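**Q** So the sequence shown is numbered by the numbering used here: it starts at 78 and just counts up by one.
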Amino acid sequence: MSKEVALTETPFDKRHLCWFCEEPAGGLFTFVSPQTSAVALPVCRECKQIANTRELDSLYEYRLYVKDTLLKRYAKHLAIGSNWTREELEDSGFDCKILGGFKKSAWFMYEVARDRINARGWPLTVNGLPVEESVTDIGFEHGGLTFSSLNAAAHHFSQTQGLDEAFLCALVKILGRDRFGYALRLANLYRVASAKEKKQFLREIKEDEAQL
Ligand SMILES: [Zn+2]
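1) Would you list the residues whose beta-carbon is nearer than 6 Å to any heavy atom of ligand 1, in the order they occur in the chain?
2) Leaving aside the five residues before and after arginine 163 along the sequence, list all residues of the same chain whose C-beta is less than 8 Å from its C-beta, in chain order.
3) Can you say whether valine 249 is buried or exposed, counting buried as having 16 or more other CB atoms within 10 angstroms of its CB?
4) Would you be able to state if there are at least three C-beta pairs under 8 Å between the region 97-114 and the region 214-229?
5) Would you mind sorting proline 200 into buried or exposed? The rule is 16 or more other CB atoms within 10 Å of its CB.
6) Could you tell me whether the region 154-161 touches the region 121-134, using the rule of 3 or more Cβ pairs below 8 Å?
7) Got a sec? Which residues, its chain only, sit under 8 Å from arginine 268 by beta carbon, not counting five neighbours each side?
8) For threonine 223, does the three-state DSSP call read helix, strand or coil?
9) Classify methionine 78: buried if its beta carbon has 16 or more other beta carbons within 10 angstroms, exposed otherwise.
10) Taking all protein chains shown into account, do 16 or more other C-beta atoms lie within 10 angstroms of the C-beta of proline 119, making it buried, or fewer, making it exposed?
11) Got a sec? Which residues, its chain only, sit under 6 Å from leucine 279 by beta carbon, not counting five neighbours each side?
12) Give a yes or no on whether the C-beta atoms belonging to glutamate 209 and isoleucine 251 are separated by under 8 Å.
13) Does the Cβ of aspartate 134 have 16 or more other Cβ atoms within 10 Å, making it buried, or fewer, making it exposed?
14) Look at the alpha carbon of phenylalanine 138 and the alpha carbon of glycine 170, and state the distance between them as a whole number of angstroms.
15) At 4 residues or longer, and completely inside the region 123-185: list those alpha helix (DSSP H) runs for me, N to C.
16) So threonine 202 and glutamate 86 are in contact, right, with Cβ under 8 Å, and what is the actual spacing, rounded?
17) Please classify alanine 272 as buried or exposed, where buried requires at least 16 other C-beta atoms within 10 Å of its C-beta.
18) Measure the CB-CB distance between alanine 264 and leucine 245 and report whether it falls below 8 Å.
19) Look at the Cβ atom of leucine 84, then the Cβ atom of alanine 117, and state whether they are nearer than 8 Å.
Here it is in structure tokens:
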């Protein structure tokens, strides 16, 4: 069952920008939602690579996941801005060859990382209609705990139960959020399975669900 991919519309002033971080776009990310259709949106190479490491059930979740990954990846760059002000850096006396180079590039690296984290993207539409209504549907609850996102919950339970986080996310995408507990049990069952076995299992369960 193949789904037709619809290209989302981009505001004129955001043309050629990545929907996640607003750096220049370098390709398209295709989001296949569990219920509806598949949509494609412009993204930069790095955000595309990050997003493609997960199966998530909403673009909102993808957004949080990409931002979270960027935040971890560029923690050092971002720290420059919390440890220094631009003026302090300029007056730092870092004028030797090595530190002078740091001075020149450090603030720039900080600004790039900061702007990527803060970039808000734009509302995604296809033919003028919003792609996702659940963008405001923030938070996810399981086992008496409330998380900022489904992905945050998957991260928590994977850490505490020693599970494959990406596999758990892929299961939830197929089964639906309301069956998170069931997805957890399956992830536990497949704890020691190989990547190939997991892939095979995901394929089977997807076929099963499609027949329901
Ligand atoms: Zn990006």
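Virtual Cβ for every residue (Gly too), placed ideally from N, Cα, C. In this text the structure is predicted, and so the values were computed from the model without any measurement.
**A** The structure says:
1) Cys95, Phe97, Cys98, Glu100, Val120, Cys121, Glu123 and Cys124
2) Position 86 of the sequence shown, counted from the first residue, corresponds to residue 163. Within the same chain, arginine 163 has close Cβ partners Trp184.
3) As a working mapping, residue 249 is identified with position 172 in the sequence shown. Buried, because 16 or more other Cβ atoms sit within 10 Å of the Cβ of valine 249.
4) Flag = no, the region 214-229 and the region 97-114 do not touch.
5) Translated into the one-based positions of the sequence shown, residue 200 becomes position 123. Proline 200 comes out exposed.
6) no
7) Along the sequence shown, read from residue 1 onward, the residue named residue 268 stands at position 191. Within the same chain, arginine 268 has close Cβ partners Gly239, Leu240 and Asp241.
8) As a working mapping, residue 223 is identified with position 146 in the sequence shown. Residue state, collapsed to three classes: strand.
9) Counting from one through the sequence shown, the residue named residue 78 turns up at place 1. Its pLDDT being 44, under 50, methionine 78 is placed unreliably by the model, and the measurement read from it follows with that caveat. When all chains shown are included, methionine 78 counts as exposed.
10) The count along the sequence shown starts at 1 and reaches residue 119 at position 42. When all chains shown are included, proline 119 counts as buried.
11) Here residue 279 refers to the residue found at position 202 of the sequence shown. So the qualifying residues of the chain are Ala247.
12) Position 132 of the sequence shown, counted from the start, is the residue given in the question as residue 209. Position 174 of the sequence shown, counted from the start, is the residue given in the question as residue 251. No, these two residues do not count as a Cβ contact at 8 Å.
13) Here residue 134 refers to the residue found at position 57 of the sequence shown. Burial call: buried.
14) Along the sequence shown, one-based indexing puts residue 138 at 61. Along the sequence shown, one-based indexing puts residue 170 at 93. The sequence as given places glutamate at residue 138; phenylalanine does not occur at that position. Their Cα atoms are separated by approximately 44 Å.
15) 136-150, 152-160 and 163-167
16) Looking up residue 202 in the sequence shown gives position 125. Looking up residue 86 in the sequence shown gives position 9. Rounded to the nearest angstrom, the Cβ distance from threonine 202 to glutamate 86 is 5 Å, consistent with a contact under 8 Å.
17) As a working mapping, residue 272 is identified with position 195 in the sequence shown. Answer is exposed; the Cβ neighbour count stays below 16.
18) Taking the first residue of the sequence shown as position 1, residue 264 is located at position 187. Taking the first residue of the sequence shown as position 1, residue 245 is located at position 168. For alanine 264 and leucine 245, yes; Cβs fall inside 8 Å.
19) Along the sequence shown, one-based indexing puts residue 84 at 7. Along the sequence shown, one-based indexing puts residue 117 at 40. Yes.
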